[in-house]
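Below is one structure, written out as structure tokens; comments come after it.
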Amino acid sequence: MNVRYVLLFILGTTVVAHAEDLKSIDSYRDAAAKANAQLTIPDWEQTPAAIEVAARDAIKKGNAALDAIGKLDPKKVTFQNTLVALDTLGYEANNIANKATIIKEAHTDPNMRAAAENAVKTLNEWFVGIDYRENVYKSIKAFAETKPQLAGEDKKLLDETMRDYRRAGLALPPPKRKEVEQLRKQLAKLGTDFGTNIANTKQPVVFTKAELEGMPEDFFTKPGIKTGDDAYTVLANVTWQFIAVEENAKNEATRKKLYIAHDSLAKEKNVPLLNKMLDLRNKIALRLGYKSWDDFQTEPRMAKNGAAAQKYIDDLVAGIEPKFAAELAELQKMKQLDLQPSGNSAFATPRINTWDWRYYQNQLKKQKFAVDAEALRNFFPFQKVLDGMFAIYQGIFGLKFEQIAAPYKWIDQLQLWAVSDAATGEPLGLFYLDMFPRDGKFNHFAEFEIIGGKLLPDGKYQRPTVTLLCNFPPATSDKPSLLSHNEVEILFHEFGHVLHTITTHAKYARFAGTHVPTDFVEAPSQMLQNWVWDKRVLDSFAADYRDPSKKIPAETIQKMKDAKLATAGVFYRRQFAFASLDLALHGPHPENASYDCVGISNPILEKVFLPIDPSTTFVSYFGHLNGYDAGYYGYAWADAIAADMATVFESAPEGYYDKQAGMRLRNEIYAMGDSRDVNESIEKFLARKQSVQPFLKKIGISEGNTSTALMTGNK
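Each residue of the sequence shown is one higher than the last, beginning at 0 in numbering that gives the first Met the number 0.
The structure is reproduced here in structure tokens:
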């Protein structure tokens with residue numbers, strides 16, 4: 000019997016059916032009702048006009064609910080008719096905004112995307128306005144002044160709602176409060192434009208076959224690549240194409256040309272736009288009494304202030320410097336041999352530039368560690384990886400996934416899956432899979448919430464619905480979609496966000512699923528990346544698609560790990576550069592001084608990472624600056640937590656297959672969301688205090704190169 004199917008039986012059941020055999024959601028209704036829950040397939044708008052109507056109706060309904068709160072007799076305010084009602088109305092409107100966001104990011108019709116973009120802008124502006132409904136604030140405040148005896152999630156809802164009002168400026172005099180409101184509304188619109196410009200930008204770069212020397216032969220057979228007799232068009236805005244060329248093209252001029260195109264994407268529109276966004280953020284922070292936008296943004300996060308976030312990153316930059324320098328020296332030797340094959344030391348040591356590091360790291364992995372990233376793709380056909388991941392996650396988290404019929408699809412390949420508790424059969428949520436690139440689609444990898452989890456006013460629990468929007472390499476006429484090991488890691492990571500959202504049990508929308516502090520949200524998913532480095536895990540799904548009996552040898556996996564550690568300095572130094580430039584853009588800034596986002600960020604990229612081309616504008620395509628603004632440090636912050644959390648599995652009897660550890664993760668982290676302080680959740684999962692030691696070991700930082708604060712885990 001095929002090993003994969005044995006593992007599917009042992010670890011959990013993944014049911015994949017032909018379209019005509021798929022169950023409908025109706026088959027889950029009774030099970031949901033027994034659990035006092037409801038499972039909902041979104042009712043997708045079919046026309047641009049319908050999108051506009053949905054947004055307008057959501058605002059109308061929301062305003063009516065706000066009016067009801069605002070009209071309350073101060074003597075009759077309760078937790079339910081103030082705090083819970085406010086959470087509910089925001090939740091209902093947010094579900095409409097979420098649908099518009101998916102249409103904006105994924106629909107094939109540009110008219111639908113444009114209508115959805117307008118709807119998102121309108122709804123975002125309305126969401127900002129909620130904070131400035133003074134009559135609503137007075138009712139909430141009146142309830143708070145009763146000094147109610149609340150505990151747990153209820154108390155957290157009151158405390159954080161009052162904190163949000165303070166952060167919105169409700170304590171300011173009316174004219175200043177109105178100014179902050181208008182600034183926030185302007186910022187919301189510009190943020191939507193910033194993301195849309197990134198999604199819509201295209202940059203084809205044409206090369207000859209000779210210029211693409213070193214590329215694997217099957218690259219040239221990918222759809223859309225060959226566009227002439229000796230013309231091969233690479234889209235700088237398509238991530239997998241960009242990375243493939245940067246990793247494999249021998250010609251430095253080719254790599255540099257594509258890098259310049261990639262790191263200048265959306266330059267004309269987004270550079271001036273980002274400067275306006277930075278100015279608005281700074282003004283908002285100053286009006287609210289903060290020294291900077293990073294202080295404002297980090298206040299509700301684990302870091303608490305911008306200085307703490309900056310110190311954490313600065314310490315990591317300094318701590319990893321010896322390893323980073325040693326790795327660069329090795330890459331420089333390789334480049335020197337390319338330039339002077341005789342090894343003549345009389346020539347100056349060449350620089351490793353931003354367009355060089357991927358190529359020479361790839362060569363290092365091949366030459367020193369015998370790791371060929373392109374050859375490894377043969378072991379990771381997309382569907383086998385997906386099936387294997389499903390089996391693993393079902394097993395350790397006690398879940399069951401089953402594909403069901405989607406009443407409406409924005410693309411033919413779209414899949415809809417139901418998630419149930421394996422032991423009780425209770426439906427827990429739904430997820431869509433939209434996994435391959437196309438024109439106009441969101442061009443990275445992410446999980447998007449569509450319907451969040453929440454305890455509804457009627458006492459039923461609304462189970463979540465989410466989607467993955469990804470851009471894995473598509474299949475060709477003679478090969479299935481083949482993933483790189485890094486892309487396998489991405490899939491395991493992003494699906495972790497799906498599970499985080501779907502398995503929630505938080506009562507209130509603001510605390511459900513991934514609605515946690517930004518500097519923690521990545522940790523549970525980053526932890527799951529460890530799975531794809533384990534021999535036992537890889538053997539459950541990784542097999543050469545041409546000969547399924549052929550697995551990745553143990554020595555190859557060990558060499559992959561060795562190569563990962565050997566290149567960790569460059570990888571993390573790049574991450575720290577992004578975090579540093581993000582914090583610098585959002586640090587203290589004189590109010591009347593103009594912004595030069597490129598002038599601020601480019602020198603940091605060079606100082607912390609590698610030499611760049613001065614004509615590039617990396618920040619114009621750095622989508623994290625809208626949504627993760629003053630928050631990119633959170634990846635490194637969360638990575639430290641993730642490495643610590645992974646030790647629970649590593650020390651468990653069944654390792655990465657340990658169901659007891661998996662259920663602890665599900666119950667103590669995923670289910671809780673932000674319904675309690677995340678530090679408490681982390682330590683309940685760990686059954687001890689947090690430590691940064693596993694992270695430092697993972698990235699190759701020794702104790703002698705690290706500050707006391709980092710070594711004690713005092714982030």
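By construction, the Cβ of each residue, glycine as well, lies at the ideal position given by its N, Cα and C atoms.
Extent of the continuous alpha helix (DSSP H) to which A198 belongs: Sequence index remark: in the sequence shown, residue 198 carries index 199 (1-based). P173 to N199 is the span of the alpha helix (DSSP H), which, as asked, contains A198.
Paired residues, beta bridge with L234 - DSSP: Here residue 234 is taken as the residue at index 235 of the sequence shown, counted from 1. BP columns for L234 point to P203.
Inter-residue CB distance, V497 and V316 (contact presumed, cutoff 8 Å): To locate residue 497, count along the sequence shown from 1; it is residue 498. To locate residue 316, count along the sequence shown from 1; it is residue 317. About 33 Å; that fails the 8 Å criterion.
Cβ-based neighbour list, F444, same chain, cut-off 6 Å, excluding 5 preceding and 5 following: Along the sequence shown, read from residue 1 onward, the residue named residue 444 stands at position 445. Only C469, I489 and E493 meet the Cβ criterion.
Segments assigned alpha helix (DSSP H), at least 4 residues, entirely inside the segment 291-317: 292-297
Per-residue DSSP class, three states only, for Y507: Position 508 of the sequence shown, counting from 1, holds the residue named residue 507. Y507 falls in the coil class under three-state DSSP.
Reference A474, options D66, R165, D262 and F381, closest by Cα: The residue given as residue 474 occupies position 475 in the sequence shown. Selected option, being the one with the closest Cα: F381.
Top-ranked residue by Cα proximity to L413, from D657, Q402, F142 and K282: In the sequence shown, the residue the question calls residue 413 occupies position 414. Of D657, Q402, F142 and K282, the residue nearest in Cα terms is Q402.
Outcome for T616 when other beta-carbon atoms lying within 10 angstroms are tallied against a minimum of 16: By one-based count along the sequence shown, residue 616 stands at place 617. The residue is buried, with at least 16 neighbouring Cβ atoms inside 10 Å.
W636 (DSSP reduced to helix, strand or coil): The count along the sequence shown starts at 1 and reaches residue 636 at position 637. W636 falls in the helix class under three-state DSSP.
Sub-8 Å separation of T81 and F126 beta-carbons: As a working note, residue 81 is residue 82 in the sequence shown. As a working note, residue 126 is residue 127 in the sequence shown. No; because the gap between Cβ atoms is not below 8 Å, this pair is not in contact.
For R357 and I224, believed in contact at Cβ under 8 Å, the rounded distance: In the sequence shown, the residue the question calls residue 224 occupies position 225. In the sequence shown, the residue the question calls residue 357 occupies position 358. The pair is not a contact, with the Cβ atoms about 19 Å apart (cut-off 8 Å).
C-beta contact flag for A670 and H504 at 8 Å: Sequence index remark: in the sequence shown, residue 670 carries index 671 (1-based). Sequence index remark: in the sequence shown, residue 504 carries index 505 (1-based). Cβ atoms of A670 and H504: closer than 8 Å.
Y631 in three-state terms, based on DSSP: Residue numbering aside, residue 631 sits at position 632 when the sequence shown is read from its first letter. The answer is coil: DSSP assigns Y631 none of H, G, I, E or B.
The segment 169-189 in contact with the segment 65-85 per 3-pair CB rule at 8 Å: no
Integer Cβ distance of D673 from D628, believed to fall under 8 Å: The count along the sequence shown starts at 1 and reaches residue 673 at position 674. The count along the sequence shown starts at 1 and reaches residue 628 at position 629. Going by Cβ atoms, the distance from D673 to D628 rounds to 20 Å, so no, they are not a contact pair.
Assigned exposure category for A151 - 16 Cβ within 10 Å defines buried: Residue mapping note: residue 151 aligns to position 152 of the sequence shown, counting from 1. In the sequence under discussion, the amino acid at residue 151 is Gly, which differs from the Ala named in the question. By the 10 Å Cβ count, G151 comes out exposed.
In chain order, each beta strand (DSSP E) run of at least 3 residues that lies wholly inside the segment 380-468: List check, beta strand (DSSP E) in window: 398-403, 414-420, 426-433, 445-450 and 464-468.
Reference K188, options K137, V135 and E116, closest by Cα: Taking the sequence shown and counting its residues from 1, one reaches residue 188 at position 189. Ranking the options by Cα distance to K188, first place goes to E116.
Minimum C-alpha distance to E144 - residue among F193, I102 and K75: In the sequence shown, residue 144 corresponds to position 145, counting from 1. Selected option, being the one with the closest Cα: K75.
Distance between R675 and I668 (C-alpha atoms, nearest Å): As a position in the sequence shown, residue 668 is number 669, starting the count at 1. As a position in the sequence shown, residue 675 is number 676, starting the count at 1. I668 and R675: Cα-Cα distance of roughly 10 Å.
I450 and N35 closer than 8 Å at C-beta: Locating residue 450 in the sequence shown gives position 451, counting from the first residue. Locating residue 35 in the sequence shown gives position 36, counting from the first residue. Not closer than 8 Å, so no.
Rounded straight-line distance, which links the Cα of G89 to that of Y632: As a first step, residue 632 is located in the sequence shown; it is residue number 633 there, counting from the start. As a first step, residue 89 is located in the sequence shown; it is residue number 90 there, counting from the start. Going from the Cα of Y632 to the Cα of G89 covers about 29 Å.
Residue from A576, G61, R254 and E267 whose Cα sits closest to the Cα of A92: Position 93 of the sequence shown holds residue 92. Answer by Cα proximity: G61.
K549 versus D595, S539 and K558, residue with shortest Cα-Cα distance: For this step, residue 549 is matched to residue 550 along the sequence shown. For the residues D595, S539 and K558, the minimum Cα distance to K549 belongs to S539.
Separation of Y164 from P516, as counted between CA atoms: Locating residue 516 in the sequence shown gives position 517, where the first residue counts as 1. Locating residue 164 in the sequence shown gives position 165, where the first residue counts as 1. Going from the Cα of P516 to the Cα of Y164 covers about 18 Å.
Start-to-end residues for the alpha helix (DSSP H) that takes in T517: The residue labelled residue 517 in the question sits at position 518 within the sequence shown. For T517, the uninterrupted alpha helix (DSSP H) segment begins and ends at T517 to V520.
Nearest-angstrom Cα separation, counted from K399 out to S23: Looking up residue 23 in the sequence shown gives position 24. Looking up residue 399 in the sequence shown gives position 400. Approximately 16 Å between the Cα atoms of the pair.
Beta-carbon proximity check, G397 vs A422, cutoff 8 Å: Position 398 of the sequence shown, counted from the start, is the residue given in the question as residue 397. Position 423 of the sequence shown, counted from the start, is the residue given in the question as residue 422. Their beta carbons are under 8 Å apart, which means G397 touches A422 by this criterion.
Proximity winner among Y231, F193 and I351, relative to K275 (alpha-carbon distances): To locate residue 275, count along the sequence shown from 1; it is residue 276. When only C-alpha atoms are compared, the closest one is F193.
Neighbour-count burial assignment, S701, 16 or more Cβ in a 10 Å radius: Locating residue 701 in the sequence shown gives position 702, where the first residue counts as 1. Exposed, by the Cβ-count rule.
Outcome for A720 when other beta-carbon atoms lying within 10 angstroms are tallied against a minimum of 16: Nothing about residue 720 can be reported from this structure: the residues present for the chain run from 0 to 714 only.
Through-space distance from S680 to K714, alpha-carbon basis: The residue given as residue 714 occupies position 715 in the sequence shown. The residue given as residue 680 occupies position 681 in the sequence shown. Any reading at K714 must be qualified, since the residue scores a pLDDT of 44, below 50, and its modelled position is unreliable; the value itself is stated next. Straight-line Cα distance between these residues: approximately 17 Å.
Contacting residues, own chain, Cβ-Cβ under 8 Å from L272 (five flanking each side not counted): In the sequence shown, the residue the question calls residue 272 occupies position 273. So the list reads L189, D192, F193 and N196, once near-sequence residues are dropped.
Stretch-stretch touch, CB-based, cutoff 8 Å, three pairs: the segment 570-581 with the segment 314-332: yes
Pairwise C-alpha distance: V597 and E605: Within the sequence shown, residue 605 is the residue found at index 606, counting from 1. Within the sequence shown, residue 597 is the residue found at index 598, counting from 1. Cα to Cα, the separation comes out at about 12 Å.
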